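In our numbering, the protein residues as written are 1 to 300. Ideal placement from N, C-alpha and C gives every residue a C-beta, glycine not left out. Quick caveat, the model's predicted, so the values are computed rather than measured.
Okay, structure coming up:
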């Protein structure tokens with residue numbers, strides 16, 4: 001990666017020339033020279049500077065975003081060359097949306113490490129929209145998400161590899177805690193705890209509301225499945241969550257699950273890769289593991 005571009009990226013992320021110089025083990029004048037060289041090459045200023053701050057201007061934002069993509073391509077180039085000379089090894093950047101990433105992915109990573117210890121995975125957890133964006137930009141090797149894709153879909157290859165079953169969940173002390181199935185009309189007046197916009201779980205919840213013809217007026221929106229589980233246990237409301245997210249609480253008897261109209265709500269787990277991205281051996285192996293194991297641990 002071009003040294004001046006690397007210096008610019010570091011300054012942009014640290015918002016400070018001195019801190020960037022410390023990270024890069026350079027002098028501050030050397031950092032300034034690299035920035036000037038890049039701005040001269042681009043033909044415009046990239047940073048707004050004052051005594052208090054360093055900020056990207058509009059041109060700088062464009063260069064920064066493309067620099068992220070260039071950095072990802074540079075790292076991938078090195079890994080592909082290394083793959084030609086050695087067995088699968090090196091870094092593997094995996095992104096996953098919350099349900100899969102927090103409750104299923106650890107089991108898959110454990111299997112990967114047992115059989116391919118030279119592969120060093122890094123994990124990014126975000127909602128479906130965030131993960132799909134990172135994969136489309138080349139900043140992740142692979143993404144695993146729930147629900148349907150819209151954002152940046154034209155830059156992605158998506159493959160459904162497993163099914164997820166979702167249930168209405170309530171505290172065991174809730175009136176719903178003693179039943180296994182419920183009709184949709186009974187859900188209308190309940191307080192619903194839902195995930196944020198952009199979440200695959202939120203998407204499926206809204207789809208269920210539409211299909212069942214209900215429009216709950218009492219809603220609380222939380223940005224984490226773990227907080228939702230704790231809130232359901234505390235009796236704040238009910239939610240729609242994956243079986244994988246609540247299987248331990250169900251086993252402990254603190255949360256009960258219900259079907260609506262006799263069946264759970266189903267959705268796909270999908271793996272995402274860049275549409276024209278050449279895959280490393282580590283990525284190929286991980287995808288094979290997902291397909292073989294369906295990405296899922298043994299049922300509890």
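Three-state secondary structure assigned by DSSP to residue i
i           : result
residue 263 : strand
residue 151 : Annotation note: pLDDT 49 at residue 151 (below 50); position unreliable, no value reported.
residue 54  : strand
residue 288 : helix
residue 107 : helix
residue 257 : strand
residue 240 : strand
residue 90  : strand
residue 138 : coil
residue 183 : coil
residue 275 : coil
residue 61  : helix
residue 146 : strand
Neighbourhood of residue i by C-beta, 8 Å cutoff - its chain only, sequence neighbours within 5 removed
i           : result
residue 11  : 17, 20, 31, 35, 47, 54
residue 69  : 137, 138, 139
residue 204 : 146, 147, 166, 240, 265, 267
residue 3   : 34
residue 37  : 4
residue 218 : 189, 190, 191, 192, 237
residue 253 : 172
residue 59  : 42, 44, 45, 46
Separation of residue j from residue i, as counted between CA atoms
i           : j           : result
residue 206 : residue 185 : 15 Å
residue 284 : residue 6   : 29 Å
residue 243 : residue 98  : 13 Å
residue 95  : residue 197 : 18 Å
residue 77  : residue 277 : 11 Å
residue 246 : residue 162 : 18 Å
residue 220 : residue 191 : 7 Å
residue 28  : residue 22  : 8 Å
residue 177 : residue 235 : 11 Å
residue 15  : residue 45  : 15 Å
residue 216 : residue 51  : 52 Å
residue 213 : residue 117 : 50 Å
residue 228 : residue 201 : 12 Å
residue 269 : residue 262 : 22 Å
residue 225 : residue 127 : 11 Å
residue 115 : residue 188 : 49 Å
residue 230 : residue 173 : 14 Å
residue 211 : residue 100 : 24 Å
residue 293 : residue 164 : 14 Å
residue 208 : residue 175 : 21 Å
residue 42  : residue 49  : 18 Å
residue 24  : residue 40  : 21 Å
residue 124 : residue 71  : 17 Å
residue 107 : residue 144 : 14 Å
Neighbourhood of residue i by C-beta distance below 7 Å, restricted to the same chain and skipping five residues each side
i           : result
residue 112 : 119, 121, 286, 289
residue 232 : 169, 170, 171, 193, 238, 239, 255
residue 151 : Because the pLDDT at residue 151 is just 49, under 50, the model does not fix this residue reliably, and the value given afterwards should be weighed accordingly. Counting only Cβ-Cβ distances below 7 Å, and skipping sequence neighbours, we find 129, 132, 133.
residue 155 : 136, 274, 275
residue 109 : 121
residue 64  : 9, 12, 56
residue 159 : 270, 271
residue 307 : The chain is shown from 1 up to 300; residue 307 falls before or after that span and cannot be answered.
Range of the contiguous alpha helix (DSSP H) that encloses residue i
i           : result
residue 12  : 3 to 14
residue 103 : 98 to 103
residue 208 : 200 to 212
residue 42  : 28 to 42
residue 21  : 17 to 24
Boundaries of the beta strand (DSSP E) in which residue i is found, first to last residue
i           : result
residue 159 : 156 to 171
residue 225 : Not the beta strand (DSSP E): residue 225 falls in the alpha helix (DSSP H), residues 225 to 233.
residue 121 : 119 to 125
residue 49  : 47 to 49
residue 219 : 219 to 221
Same chain, Cβ closer than 6 Å to residue i, five either side skipped, listed in chain order
i           : result
residue 273 : 142, 157
residue 249 : 255
residue 223 : 196
residue 67  : 5, 9
residue 61  : none
residue 105 : 96
residue 307 : It is not possible to answer for residue 307, since the shown part of the chain is limited to 1 through 300.
Proximity test, residue i beta-carbon vs the ligand MN heavy atom, cut-off 8 Å
i           : result
residue 259 : Although the ligand MN was asked about, the structure shown includes no ligands whatsoever.
Assess contact between the region 269 to 284 and the region 87 to 107, defined as three or more Cβ pairs (one per stretch) separated by less than 8 Å. Is contact present? Touching, per the Cβ criterion.
Is there contact between the region 173 to 189 and the region 254 to 268, where contact requires at least three CB pairs shorter than 8 Å? Yes, the region 173 to 189 is in contact with the region 254 to 268.
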